[in-house]
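Taking our numbering, I'd label the letters of the sequence shown as residues 102 to 239.
Here a beta-carbon is modelled for each residue, glycine too, at the ideal position from N, C-alpha and C.
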Amino acid sequence: MANTGVPFQVPMLTKSNYDNWSLRMIALLGAHDVWEVVEKGHIEPENLESLSQAQKDNLRDSRKRDKKALCLIYQGLDEDTFEKISGVKSAKEAWEKLKISYKGADQVKKVRLQTLRGEFEALHMKEGELVFDYFSRV
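Below is the structure:
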């Protein structure tokens, strides 16, 4: 991709902004023409010798795009998050690991909040219970 002279800033992932971060990253990765390799993944052929020159060129391009996407993803992470995914081999693997880490945590939070809300709505002051006792229980 030709350098247009317009600087870009990679959005930083935090504990609470995964949804916004992922949308911005999809746009950024798309602008760099590497989102497809994140979405579909990069497949290494088993036998490199049997490839034609055109296939080898495509493979080299696919590897390059995968590494570029992985680099952009890495730039949007703090040190702790980077360490969690530093062992991945591809951009798709990094993306999926982050998605599971952050979306899974969101789902757990939602279920926990629903449970707590149900418990809260079920709270009632018992017959003859003192306000102080009810307040302490709540």
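Distance check between Phe-109 and each of Ser-117, Asp-120 and Leu-129 places Leu-129 closest, using alpha-carbon atoms only. By the C-beta criterion, the region 205-212 is judged not to be in contact with the region 171-183, since fewer than 3 inter-stretch pairs fall below 8 Å.
Between Gly-205 and Met-126 the beta-carbon gap is near 18 Å, outside 8 Å, which marks them as no contact. In the three-state reduction of the DSSP assignment, Ser-187 falls in the coil class, being assigned neither a helical nor a strand state.
Rounded to the nearest angstrom, the Cβ distance from Arg-161 to His-143 is 11 Å, too far for a contact under 8 Å. Leaving aside the five residues that flank Met-113 on each side, the residues in its chain whose CB is nearer than 8 Å to its CB run, in chain order, Trp-122, Gly-177, Leu-178 and Asp-179.
DSSP, reduced to helix, strand and coil, places Leu-160 within a helical segment of the structure shown.
Per DSSP, Lys-141 is one residue of the alpha helix (DSSP H) stretching across 136-141. Straight across, the Cα-Cα distance linking Leu-224 with Arg-238 is about 9 Å. Tyr-235 sits exposed, since fewer than 16 C-beta atoms from the chains shown fall within 10 Å of its C-beta. Between the alpha carbons of Glu-140 and Tyr-119 lies a distance of about 17 Å.
Unbroken alpha helix (DSSP H) stretches of 4 residues or longer found wholly inside the region 108-134: 119-132, given in chain order.
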